[in-house]
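A short worksheet on the structure shown next.
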Amino acid sequence: MNITWKNILDQIQRLGHLSDEEFEQNDYAGKCVAFANNALLDLASTNGREYGTLSFVQTPCENMIDIKEDEIYRHENEDIVFDCGERAKAFYFECDGEAEVFIDGESGNIISLSVSSDRAFKSYRGFIKNTSDKNVKIRFSGPYAYNVRNVAAYDSIRSDVLSDIPQFGKYTVYDIEKMTNGGNGTRFLAFSDANIVKHNGAFLSQSEYALIDNHTLALPRKAEGEFTVYYIRYPAQLPEDITPSETIDIHPQFATLIPLFVASFLYADETPSVASDCYNKYISMKTQLFSEQVSEPQWSYAYRYER
Numbered sequence: 012m013n014i015t016w017k018n019i020l021d022q023i024q025r026l027g028h029l030s031d032e033e034f035e036q037n038d039y040a041g042k043c044v045a046f047a048n049n050a051l052l053d054l055a056s057t058n059g060r061e062y063g064t065l066s067f068v069q070t071p072c073e074n075m076i077d078i079k080e081d082e083i084y085r086h087e088n089e090d091i092v093f094d095c096g097e098r099a100k101a102f103y104f105e106c107d108g109e110a111e112v113f114i115d116g117e118s119g120n121i122i123s124l125s126v127s128s129d130r131a132f133k134s135y136r137g138f139i140k141n142t143s144d145k146n147v148k149i150r151f152s153g154p155y156a157y158n159v160r161n162v163a164a165y166d167s168i169r170s171d172v173l174s175d176i177p178q179f180g181k182y183t184v185y186d187i188e189k190m191t192n193g194g195n196g197t198r199f200l201a202f203s204d205a206n207i208v209k210h211n212g213a214f215l216s217q218s219e220y221a222l223i224d225n226h227t228l229a230l231p232r233k234a235e236g237e238f239t240v241y242y243i244r245y246p247a248q249l250p251e252d253i254t255p256s257e258t259i260d261i262h263p264q265f266a267t268l269i270p271l272f273v274a275s276f277l278y279a280d281e282t283p284s285v286a287s288d289c290y291n292k293y294i295s296m297k298t299q300l301f302s303e304q305v306s307e308p309q310w311s312y313a314y315r316y317e318r
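So the sequence shown is numbered by the numbering used here: it starts at 12 and just counts up by one.
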C-alpha cells in the first residue's frame, strides 16, 4: 500500500479532532511539511533507516620523489629540496607552519607560493603547467622553522580538477559526505552500523581502515581495486509544494508514525493535551518498531543492504 501526502494530512486532521473548515482556516496543511521532514529524519534512528552504497576505484599513483610515507623533514635555516624527476605535472605536500615554497625548473622558477598553518599538518596540491623542464625541484624555504612530510610529484594526472591530485602517505582520506551529496538526491547521514567497507567484493575488518570522524574514511593508500562504502542515507525530504497525491518515500509501517509526530508539534499551543498524547504514542510505537524486523517485498528497495 502506497502512502500519499493526503493520507498523512487526513490522519493529522483526525488526531486534532478538526473539521475540514477548521483545518483549512488555520493553514495547518501548510505547516505540516517541515514537521513531517523532521519526523522522517527522526525515524532514521530506528530500523526504518535506509541504506546506500558508494563505490569507487583506488589506483595509487607513483610518486616521482624518492621519499618515505609520513616521514617528517624539519626546516630551520637551510632550504629543503626534493628532486621531482622528469616532467612533473602535479605536486602534493603537507606542512605545519609558515613556509615559502618554490617549484623550480632548469629555466628558473615555475611556481611560488606562501603557505600557513598553526602547527597542524595541512595539505597542499597544485598543477605544474606549461613546462617541458626535465629536472623539476620542490624547494621549501623561508625564515621560520616548520615541518614538511609526504612531498609528492606526479607525471600523470587524472583531470584538471585540483581535488583529483592524489594524496601521499600511508592512508588516503575520503570525505564520504561530500562524495555522496550529488545531483541524484542521495545524501549521507552516517556510516552503517556494521560492515562498512568492501574491498574487491569482500568486507574489511575494522583494523583495515579508519574512520577519522563521522563522515570521513581513511584507506591504505597502496590498496588497489574497487571499494564500496555502506552508509545510512539521509531520508528523502518532502518539498514545500508537495501535492496531495504524492507518495511518501518510507515503509508504510513507519509512515503511520508521521501524523503522530507532526500532530505533537502542530497542536502544542492550541491543544497541549492532544499534542502530549500524540507524542507519547509516537515514542511508544517508534520504540516497538525499533525492536521489530520490518519486511515487505514492495518496499525492499529501501533496505538494499547486502551483507
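Even for Gly, the Cβ is constructed at its ideal location relative to N, Cα and C. Keep in mind the model is a prediction, meaning the values are calculated, not measured.
Problem set entry | the region 219-238 contacting the region 173-187, beta-carbon criterion three pairs below 8 Å | yes
For this session: Please go through the region 167-238 and give each complete alpha helix (DSSP H) segment of 4 or more residues, from N-terminal end onward.
Result: 187-191
Exercise. So F301 is in the beta strand (DSSP E); what residue range does that whole segment cover?
Worked result: It is not in any beta strand (DSSP E) - F301 instead sits in the alpha helix (DSSP H) that spans P283 to F301.
For this session: Would you please state the rounded distance, in angstroms, between the beta carbons of I259 and I14? I believe it to be under 8 Å.
Result: 5 Å
For this session: Pick helix, strand or coil for D129, following the three-state DSSP scheme.
Result: coil
For this session: Check whether the Cβ atoms of E87 and A156 lie closer than 8 Å to each other.
Result: yes
Problem set entry | T239 versus E219 - alpha carbon distance | 14 Å
Exercise. By Cβ distance below 6 Å, which residues in the same chain neighbour S127 in space, the five residues on each side in sequence not counted?
Worked result: E109
For this session: Might you give, ordered along the chain, the residues of its own chain that have their beta carbon closer than 7 Å to the beta carbon of K148, omitting 5 neighbours on each side?
Result: V92, F93, D94, C95 and D115
Exercise. Taking Cβ positions, are I269 and I19 nearer each other than 8 Å?
Worked result: yes
For this session: Count the CB pairs spanning the region 27-39 and the region 160-168 that are closer than 8 Å, and state whether there are at least three.
Result: no
Problem set entry | Spatially closest choice to K145 from S118, I253, A247 and R232, by CA coordinates | S118
Problem set entry | Length of the line joining the Cα atoms of R244 and P250 | 17 Å
Exercise. Which residues share a DSSP beta bridge with D115?
Worked result: N120 and K148
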